[in-house]
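>
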């Protein structure tokens, strides 16, 4: 096969998270993202080297027999936010469970293949489940009108308006529509990724499920020449505050970001209205969340995930006097769940704002045996005097830095709990953990991201006694 060649064939299976394996008519395999098992599709070859081919999905020629329902979102298929809305939720769960089980079975050594792989746990909500969204400004086509939404499927540049997005609730959609109308009617320029010029970049919206509190953050460059910026921002506030919400607007913020990278980077945040935080509640605990704090994006699903973690860890901490390390601790959710049954919990998180929030959360919840440290796990653990009796790992998507993992293993704790949002990273780290004397006791998936290919995995590891 050659680059640019168009092929047709059947999607034989989907590997994590959305890598469809297409069997072309000549018998060769092509990796095509966003396909569904059983679909007949056409694709254009983008990469072809060393016998491996990758292609971009062009058209679904025949639907899969598994696609038994209408997607329920008018943006599905155009927007890149969701992939599997046409699959019944039970089939989505089954697919994720199979994908993760395959990855773990390949990573786990033969003598440990008798580990317990428990049935996947569903998200309490299949729709309107997200408590955070990052929308992007752009245009749907070259020199088109201002768009505000998600990246078009398969495109780095084009933005799709998503005023009826179904993975967030109506308050998100209200904020989205008002913001696009306000700036679009004034023809305010968006930041162009190639020219590095323009003003509008992202719209960050967060809303707590339990308290209903809403936080909005407009992210722009500092290229405000000729815009009467303060007047523009004041008008934006008035427009948002004039809307009737199901929840309550707690803060409207303005973040400056001149980085060329297509991501939100906080280079200074001003409060336009209210405050720069809101509160959410999980499992009876209260958490203060700032715009850039790490917090699970599915609050109700997070309760399922953390209840599972607490249940698995609980038996190990029944004996008093245990010190727990919560590494990659975010806003300290896990640490605070374990604090009542531990002597001390030490959380380490690289984002300073999240650490400050974690400390405030511990104070709010009356927990005096939690300590939260800001910095890279790789460096911070070298300065700790305490030794852990138990370690909880909840790293970012790329998993644990190899040098940090070696330091973690050197503590020799009898058990660890690894919570992973990317099972391929988990599988890689499990290979090292097994080489250093740990075995997998059990694993379980918790679906936090319905309609997408992502899933959380909880894995309990014990140190071999021999």
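In our numbering, the protein residues as written are 984 to 1449.
Here a beta-carbon is modelled for each residue, glycine too, at the ideal position from N, C-alpha and C.
Only a predicted model underlies this, so the values are computations on that prediction, with no experimental measurement involved.
1) What are the start and end residues of each continuous beta strand (DSSP E) run of 3 or more residues lying completely inside the stretch 1141-1220, in chain order?
2) Counting only runs that start and end within the stretch 1006-1050, where is the beta strand (DSSP E) found for 3 or more residues in a row?
3) Could you have a look at residue 993 and say whether DSSP puts it in helix, strand or coil?
4) Using 8 Å as the threshold, is the stretch 1200-1214 in touch with the stretch 1239-1258, meaning 3 or more CB pairs across them?
5) Have a look at 1217, 1412, 1123 and 1373 and flag the residue whose alpha-carbon is nearest the alpha-carbon of residue 1292.
6) Return the first residue and the last residue of the alpha helix (DSSP H) that residue 1322 is part of.
7) What residue does the beta strand (DSSP E) around residue 1272 start on, and which one ends it?
8) Let me check you understand the geometry: is the CB of residue 1093 closer than 8 Å to at least one non-hydrogen atom of the ligand FMN?
9) Below 8 Å on the Cβ atoms is my contact criterion, and I expect residue 1234 with residue 1256 to pass it. Report the Cβ-Cβ distance as a whole number of Å.
10) So, is residue 930 buried or exposed, given that buried needs 16 or more other C-beta atoms within 10 angstroms?
11) Using the three-state DSSP reduction, which class does residue 1342 fall into: helix, strand or coil?
12) Grab me the residues of residue 1160's own chain with a C-beta within less than 6 Å of its C-beta, minus the 5 sequence neighbours each way, in chain order.
13) Between the C-alpha atoms of residue 1052 and residue 1130, what's the straight-line distance to the nearest angstrom?
14) Using a Cβ distance threshold of 8 Å, determine whether the stretch 1421-1431 contacts the stretch 1092-1104, with at least three qualifying pairs required.
15) DSSP on residue 1252, reduced to helix/strand/coil?
16) Taking buried to mean at least 16 other C-beta atoms within 10 Å of its own C-beta, is residue 1271 buried or exposed?
17) Short check: CB of residue 1071 to CB of residue 1435, under 9 Å?
18) For residue 1327, report the span of its beta strand (DSSP E) as first-last.
19) Assuming residue 1171 contacts residue 1210 under a Cβ cut-off of 8 Å, what Cβ separation, rounded to an integer in Å, is found between them?
20) If residue 1079 sits next to residue 1438, beta carbons under 8 Å apart, how far is it from one beta carbon to the other, in whole angstroms?
21) With a cut-off of 8 Å on the beta carbons, I'd call residue 1063 and residue 1028 a contact; round off their distance for me.
22) Can you give the Cα-Cα distance for residue 1035 and residue 1003, rounded to whole angstroms?
23) Starting from the Cα of residue 1244, find the closest Cα among 1349, 1119, 1165 and 1365 and give me that residue.
24) May I have the straight-line CA-CA distance separating residue 1085 from residue 1405, to the nearest angstrom?
25) In angstroms with no decimal places, state the Cα-to-Cα distance between residue 1352 and residue 1319.
26) Just to confirm my understanding: we take residue 1138, look at its own chain, exclude 5 residues before and 5 after, and list those with CB closer than 8 Å. What are they?
27) Is DSSP giving residue 1105 helix, strand or coil here?
28) Express the C-alpha separation of residue 1073 and residue 1082 in angstroms, rounding to a whole number.
29) How should residue 1175 be labelled, buried or exposed, when 16 other C-beta atoms within 10 angstroms of its C-beta is the threshold for buried?
30) Can you name the start and end residues of the beta strand (DSSP E) that residue 1425 belongs to?
31) In terms of residue numbering, what span does the beta strand (DSSP E) encompassing residue 1403 cover?
32) Apart from the five residues on each side of it in sequence, which residues of its chain come closer than 7 Å, Cβ to Cβ, to residue 1226?
33) Put residue 1374 into one of helix, strand or coil per three-state DSSP.
Let's see:
1) Taken in chain order, the complete beta strand (DSSP E) segments of 3 or more residues contained in the stretch 1141-1220 are 1142-1144, 1183-1190 and 1196-1203.
2) Every beta strand (DSSP E) of 3 residues or more that sits fully in the stretch 1006-1050 is shown, in chain order, as 1012-1016, 1023-1032 and 1035-1045.
3) The count along the chain shown starts at 1 and reaches residue 993 at position 10. Note: residue 993 maps to strand in three-state DSSP.
4) Yes, since at least three Cβ pairs between the stretch 1200-1214 and the stretch 1239-1258 fall closer than 8 Å, the two stretches touch.
5) Indexing the chain shown from 1 puts residue 1292 at position 309. Considering only alpha carbons, the answer is 1373.
6) Against the chain shown, residue 1322 aligns to sequence position 339. Membership of residue 1322 in any alpha helix (DSSP H) is not indicated, and neither H nor E is assigned to it by DSSP.
7) Counting from one through the chain shown, the residue named residue 1272 turns up at place 289. That run of the beta strand (DSSP E) goes 1268-1272.
8) Among the ligands in the structure shown, none appear at all, so the ligand FMN cannot be discussed.
9) Position 251 of the chain shown holds residue 1234. Position 273 of the chain shown holds residue 1256. Their Cβ separation, rounded to whole angstroms, is 6 Å, which keeps residue 1234 and residue 1256 in contact under 8 Å.
10) The structure shown does not extend to residue 930, since the chain spans only 984 to 1449, so no value can be given for it.
11) Walking along the chain shown from the start, residue 1342 turns up at place 359. Under the three-state reduction of DSSP, residue 1342 is assigned to helix.
12) Along the chain shown, one-based indexing puts residue 1160 at 177. Contacts found: 1146.
13) Here residue 1052 refers to the residue found at position 69 of the chain shown. Here residue 1130 refers to the residue found at position 147 of the chain shown. Looking at the two C-alpha atoms, the distance is approximately 29 Å.
14) The stretch 1421-1431, when compared against the stretch 1092-1104, does touch it at the 8 Å Cβ threshold.
15) By one-based count along the chain shown, residue 1252 stands at place 269. In the structure shown, the three-state DSSP call for residue 1252 is strand.
16) Indexing the chain shown from 1 puts residue 1271 at position 288. Buried is the call here.
17) Taking the chain shown and counting its residues from 1, one reaches residue 1071 at position 88. Taking the chain shown and counting its residues from 1, one reaches residue 1435 at position 452. Cβ distance not < 9 Å, so residue 1071 and residue 1435 don't count as in contact.
18) For the purposes of this step, residue 1327 is taken as the residue at position 344 of the chain shown. For residue 1327, the enclosing beta strand (DSSP E) starts and ends at 1327-1332.
19) Against the chain shown, residue 1171 aligns to sequence position 188. Against the chain shown, residue 1210 aligns to sequence position 227. For a cut-off of 8 Å, the C-beta gap from residue 1171 to residue 1210 is around 7 Å, short enough to register as a contact.
20) Taking the first residue of the chain shown as 1, we reach residue 1079 at position 96. Taking the first residue of the chain shown as 1, we reach residue 1438 at position 455. Yes, residue 1079 and residue 1438 are in contact; Cβ-Cβ is about 4 Å, under 8 Å.
21) Numbered from its first residue, the chain shown carries residue 1063 at position 80. Numbered from its first residue, the chain shown carries residue 1028 at position 45. Contact doesn't hold; Cβ gap of about 21 Å is too wide.
22) Locating residue 1035 in the chain shown gives position 52, counting from the first residue. Locating residue 1003 in the chain shown gives position 20, counting from the first residue. Between the alpha carbons of residue 1035 and residue 1003 lies a gap of roughly 14 Å.
23) Residue mapping note: residue 1244 aligns to position 261 of the chain shown, counting from 1. Among 1349, 1119, 1165 and 1365, the Cα nearest to that of residue 1244 is on 1119.
24) Here residue 1085 refers to the residue found at position 102 of the chain shown. Here residue 1405 refers to the residue found at position 422 of the chain shown. Straight-line Cα distance between these residues: approximately 14 Å.
25) For the purposes of this step, residue 1352 is taken as the residue at position 369 of the chain shown. For the purposes of this step, residue 1319 is taken as the residue at position 336 of the chain shown. Between residue 1352 and residue 1319, the C-alpha separation is close to 9 Å.
26) By one-based count along the chain shown, residue 1138 stands at place 155. Taken in chain order, the residues that qualify are 1063.
27) Start at 1 with the first residue of the chain shown, and residue 1105 comes out as number 122. When secondary structure is reduced to three states using DSSP, residue 1105 falls in the coil class, being assigned neither helix nor strand.
28) Position 99 of the chain shown, counting from 1, holds the residue named residue 1082. Position 90 of the chain shown, counting from 1, holds the residue named residue 1073. Cα-Cα distance, rounded: 14 Å.
29) Counting from one through the chain shown, the residue named residue 1175 turns up at place 192. Answer is exposed; the Cβ neighbour count stays below 16.
30) Counting from 1 along the chain shown, the entry for residue 1425 is found at position 442. Counting along the chain, the beta strand (DSSP E) containing residue 1425 begins and ends at 1421-1429.
31) Residue mapping note: residue 1403 aligns to position 420 of the chain shown, counting from 1. Start and end: 1398-1403.
32) Within the chain shown, numbered from 1, the residue matching residue 1226 stands at position 243. Closer than 7 Å at the Cβ level, and outside the excluded window around residue 1226, lie 1157 and 1161.
33) Within the chain shown, the letter at position 391 stands for residue 1374. If DSSP states are grouped into helix, strand and coil, residue 1374 belongs with the strands.
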